[in-house]
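Trainee: Following this message is one structure expressed as structure tokens.
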Amino acid sequence: MKQIKGMQLGAVLAAMLILSMAFVPAVSAQAQNESGNGTSQQSCGKGQIADSNVKVNEKQLSISDKSKAVSIVLSDDGVKELRKELEIQGFKIGTDIKVIEATASTETESWTNLMVAIPFKGGEKEGALITYVSNENGKAAVATVLSKGAITQRTYDSNKGQTVQIQSVGCELCKWLVNELCGPVLEMGCVYGCAYLAVRIPNPLWAAGFWATCYLVCDFLGSEGCDVSADYACGYLGLC
Numbered sequence: 002m003k004q005i006k007g008m009q010l011g012a013v014l015a016a017m018l019i020l021s022m023a024f025v026p027a028v029s030a031q032a033q034n035e036s037g038n039g040t041s042q043q044s045c046g047k048g049q050i051a052d053s054n055v056k057v058n059e060k061q062l063s064i065s066d067k068s069k070a071v072s073i074v075l076s077d078d079g080v081k082e083l084r085k086e087l088e089i090q091g092f093k094i095g096t097d098i099k100v101i102e103a104t105a106s107t108e109t110e111s112w113t114n115l116m117v118a119i120p121f122k123g124g125e126k127e128g129a130l131i132t133y134v135s136n137e138n139g140k141a142a143v144a145t146v147l148s149k150g151a152i153t154q155r156t157y158d159s160n161k162g163q164t165v166q167i168q169s170v171g172c173e174l175c176k177w178l179v180n181e182l183c184g185p186v187l188e189m190g191c192v193y194g195c196a197y198l199a200v201r202i203p204n205p206l207w208a209a210g211f212w213a214t215c216y217l218v219c220d221f222l223g224s225e226g227c228d229v230s231a232d233y234a235c236g237y238l239g240l241c
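Under my numbering, the first residue of the sequence shown carries the number 2, and numbering increases by one thereafter.
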């Protein structure tokens, strides 16, 4: 296990607390229970998310371990349904699938997340990403699509047997992320940097949704540079 050090995350963790209170999933009670037994983001995991003393340790996975994880995730019912919808929309699955296993711990509790990010290729100025998170609280997959100047997110509701849309980050929170992500997260790389933030959220659904949104904002900053304004970045991403 390798402890992640040197990241000045106080401000970003504060943003995550705000995000956790605003990223409200529009799913059934069963879907929420499968994703971590949460009835309100405002009451679940606040201490862990806001606590800058939360320690994050990454487990170094072998190529074999990663391949097994990818196989398991691609056979997950929720991931299969989300993938099917993306492919119907014309997106094609990419090959650069990222697998991360990391544990977040406080003085009183800990949870270990298996996190998998599956990229999809679309047309010009289009992209999609399925993020999967599982831990002791359950499992969840979220498909995040950037298309036609807007970000949408969906998850699979096994009770309804279909995918449902969930609420994504709003304009003001996007601007906050733009102003805070440059630095430690970009230095780590957007997939990994955002994963090490998301692992601090104990609810798998919220962690998966936050991970993807953080990645899209971070990736935009990585390509455009940190000198762009928050208004421009969030407008481009369709969040403002």
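C-beta atoms are modelled at their ideal positions from N, C-alpha and C, and glycine is treated no differently.
1. Using a Cβ distance threshold of 8 Å, determine whether the segment 116 to 123 contacts the segment 84 to 99, with at least three qualifying pairs required.
2. State buried or exposed for residue 131, treating a residue as buried only when at least 16 other CB atoms are found within 10 Å of its CB.
3. Enumerate, from N- to C-terminal direction, the unbroken beta strand (DSSP E) stretches of 3 or more residues contained entirely within the segment 51 to 110.
4. What ranges does the alpha helix (DSSP H) occupy inside the segment 164 to 238, keeping only unbroken runs of at least 4 residues that lie completely in it?
5. For the beta strand (DSSP E) that contains residue 136, what are its first and last residues?
6. Have a look at residue 147 and residue 111 and give me their C-alpha separation to the nearest angstrom.
7. Under a Cβ-count criterion, where at least 16 other Cβ atoms within 10 Å of its own Cβ denotes burial, should residue 202 be classed as buried or exposed?
8. How would you write the range of the beta strand (DSSP E) that residue 140 sits in, first residue to last?
9. Going by other Cβ atoms of all chains shown within 10 Å of its Cβ, with 16 needed for buried, is residue 220 buried or exposed?
10. Only counting the same chain, and skipping five residues up and downstream in sequence, which positions put a Cβ closer than 7 Å to that of residue 83?
11. Is residue 122 helix, strand or coil by DSSP?
12. Should residue 77 be labelled buried (16 or more other beta-carbon atoms within 10 Å of its own) or exposed?
13. Check whether the Cβ atoms of residue 183 and residue 240 sit closer than 8 Å, and answer yes or no.
14. Out of curiosity, what's the CA-to-CA distance linking residue 114 and residue 200?
15. Please classify residue 135 as buried or exposed, where buried requires at least 16 other C-beta atoms within 10 Å of its C-beta.
16. Quick check on this structure: which residue in 152, 231, 206 has the alpha carbon closest to the alpha carbon of residue 177?
Mentor: With the given structure in hand:
1. yes
2. Taking the first residue of the sequence shown as position 1, residue 131 is located at position 130. It counts as buried.
3. 56 to 60, 99 to 106
4. 172 to 182, 185 to 189, 191 to 199, 205 to 225, 231 to 237
5. Within the sequence shown, numbered from 1, the residue matching residue 136 stands at position 135. First-last of the beta strand (DSSP E) with residue 136: 128 to 136.
6. Mapped onto the sequence shown, residue 147 falls at position 146. Mapped onto the sequence shown, residue 111 falls at position 110. Each residue's Cα considered, the two are about 33 Å apart.
7. Within the sequence shown, numbered from 1, the residue matching residue 202 stands at position 201. Buried: at least 16 other Cβ atoms inside 10 Å.
8. Reading the sequence shown from its first residue, position 139 is the one you call residue 140. Residues 139 to 148.
9. As a first step, residue 220 must be located in the sequence shown, where it is residue number 219. The residue is buried, with at least 16 neighbouring Cβ atoms inside 10 Å.
10. As a working note, residue 83 is residue 82 in the sequence shown. Only 131, 142, 144, 155, 157, 164 meet the Cβ criterion.
11. Your numbering for residue 122 matches position 121 in the sequence shown. Three-state result, residue 122: strand.
12. Position 76 of the sequence shown holds residue 77. Label assigned to residue 77: buried.
13. The residue labelled residue 183 in the question sits at position 182 within the sequence shown. The residue labelled residue 240 in the question sits at position 239 within the sequence shown. Contact: no.
14. Along the sequence shown, read from residue 1 onward, the residue named residue 114 stands at position 113. Along the sequence shown, read from residue 1 onward, the residue named residue 200 stands at position 199. Between residue 114 and residue 200, the C-alpha separation is close to 6 Å.
15. Within the sequence shown, the letter at position 134 stands for residue 135. When all chains shown are included, residue 135 counts as buried.
16. The residue labelled residue 177 in the question sits at position 176 within the sequence shown. Closest option to residue 177, Cα to Cα, is 231.
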